[in-house]
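Engineer: Residue numbers (my numbering): 83 to 233.
Think of the CB as a built atom: it goes at the ideal place given N, C-alpha and C, for glycine as much as any other residue.
It should be emphasised that the depicted structure is a prediction, and the values quoted were computed from it without experimental measurement.
Right under this line is the structure:
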């Protein structure tokens, strides 16, 4: 570097220091210089992420409420099934212990019971005793077999 170039650099040094001081003072006062709008872009992205997070929280809260409602319905259904099973067990015990438990049924009554069983199996084929057809079992006795549909 030549002497003239060096003098020019030395002459610009105070101006550069003054400019740096002004920029530092302006920055301290809250003045920001963002010629490309990077801060605004960052702010937009942050707001978009916040909105997405709020939407996700709302969705998860709605799903949680739905799960709670479903759990309450399920709990009531289990209670009803438990009560129904206890009632059926009690009725079955009493019917099996009745004095006429082994007495053959009247053929008309037996036919009505079998028809009722067929209808129940048509509505709910998953019930115990509904597998296959609802025809009388081999041997075709007149008594209703305990634990299964009539016939």
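What's the gap between the Cα of residue 99 and the Cα of residue 107?
Structural biologist: 12 Å
Engineer: For residue 183 and residue 175, what's the separation of their Cα atoms in angstroms?
Structural biologist: 11 Å
Engineer: Using the C-alpha atoms, what's the distance from residue 152 back to residue 160?
Structural biologist: Approximately 12 Å between the Cα atoms of the pair.
Engineer: Helix or strand or just coil, what does DSSP make of residue 180?
Structural biologist: coil
Engineer: My understanding is that residue 203 touches residue 195, with C-beta atoms under 8 Å, so please give their C-beta distance in whole angstroms.
Structural biologist: Rounded, the Cβ-Cβ distance is 13 Å, inconsistent with contact.
Engineer: Would you mind sorting residue 171 into buried or exposed? The rule is 16 or more other CB atoms within 10 Å of its CB.
Structural biologist: exposed
Engineer: Do you know offhand how far residue 96's Cα is from residue 85's?
Structural biologist: 18 Å
Engineer: Is DSSP giving residue 89 helix, strand or coil here?
Structural biologist: helix
Engineer: Would you decide whether residue 190 is buried or exposed? Buried here means 16 or more other CB atoms lie within 10 Å of its CB.
Structural biologist: exposed
Engineer: In or out: residue 188 buried (at least 16 other Cβ within 10 Å) or exposed?
Structural biologist: exposed
Engineer: Would you tell me roughly how many angstroms separate the C-alpha atoms of residue 168 and residue 198, rounded to the nearest one?
Structural biologist: 22 Å
Engineer: For residue 146, which three-state DSSP category applies?
Structural biologist: helix
Engineer: So, under 8 Å CB-CB, residue 114 and residue 122 are touching, yes? Tell me the CB distance rounded to an integer number of Å.
Structural biologist: Your pair residue 114 and residue 122 does not check out as a contact, with CB atoms roughly 11 Å apart and the cut at 8 Å.
Engineer: DSSP three-state call for residue 222: helix, strand or coil?
Structural biologist: With a pLDDT of only 42 at residue 222, under the threshold of 50, the placement of this residue in the model should not be trusted, and no figure is reported.
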